[in-house]
Amino acid sequence: MTPNLFGWSESVWRIIDQIGILFGVAMGVTWFGGLLFAMLKPDILRRWFLRNRFPNVGDDLAADERWDGLIFTVSKAELPILVLRRLRPEHIGLIASGQSQNHAETILREAEAMGIRSHGIVRVDNPDDPAETRECTRALLNRIRAAGSFHCAIDITGGKTPMSLGAFMAAEEAGVSTLYLASRYDDKLQKPHPLSARIHCISRPE
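Here the sequence shown stands for residues 64 to 269, numbered as in my numbering.
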């Protein structure tokens with residue numbers, strides 16, 4: 064390149080050349096620093112690029128929307144049974160505490176009567192520990208997927224709040240939908256009113 068291009072002097076081109084060298088060095092240092100950061104702090108980088116977003120919180124389900132595998136956190140039997148009758152999955156799994164074990168067994172009997180394959184009840188020892196429920200949900204989801212169910216969802220209506228949180232975290236990490244059943248409690252019947260029940264999809268990461 065001639066020094067007289069654009070009428071600029073040789074000293075100007077020398078400065079531009081030095082700036083280009085410095086820019087190249089800065090780019091190299093930045094790239095190397097980013098690579099080193101990604102190796103040392105992969106979780107931070109992953110959270111930055113893959114942070115959760117919830118654009119359609121609380122969507123009602125379409126009339127034909129189905130999942131072939133469902134996992135429930137359990138308090139009482141009535142609401143999960145309503146969901147089973149509406150969605151008709153092929154596989155189910157239940158996560159219960161000591162207090163809700165009997166209700167979970169009622170749900171399983173109803174599911175088996177409907178021809179739904181059961182993958183058992185996973186009992187959490189400490190329903191106030193979301194980490195335990197998270198691990199139980201993960202294990203149960205893997206079990207259901209291994210049985211051939213690939214379109215799964217997790218219903219977090221039942222269970223104590225820490226159980227629902229743990230199950231939700233497992234669902235987000237696995238990339239499956241999270242469901243919630245809202246219903247009006249009937250004081251006369253002393254149970255949720257079935258006609259008022261609405262299934263909402265809290266998250267659809269898949």
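In this text, a Cβ means the ideal position worked out from N, Cα and C, and glycines have one as well.
- With the rule of 3 Cβ pairs closer than 8 Å, the stretch 206–214 counts as touching the stretch 170–189.
- Residue state for Leu203 is assigned as helix, using DSSP reduced to three classes.
- Taking a C-beta distance under 9 Å as the contact criterion, Thr196 and Ser138 do not qualify as a contact pair.
- Three or more pairs of CB atoms, one per stretch, sit closer than 8 Å, so the stretch 163–175 contacts the stretch 128–147.
- Considered as a whole, the stretch 166–254 harbours 193–209 and 224–237 as its complete alpha helix (DSSP H) runs of no fewer than 4 residues, in chain order.
- In terms of Cβ geometry, Gly229 and Cys199 form a close pair [threshold 9 Å].
- Looking only at Arg208, Glu236, Leu124 and Ala159, the smallest Cα-Cα distance to Glu153 is reached by Arg208.
- Residue state for Arg77 is assigned as helix, using DSSP reduced to three classes.
- The three-state reading of DSSP puts Gly132 in strand, counting E and B together.
- Here DSSP, grouped into helix, strand and coil, assigns Arg267 to coil.
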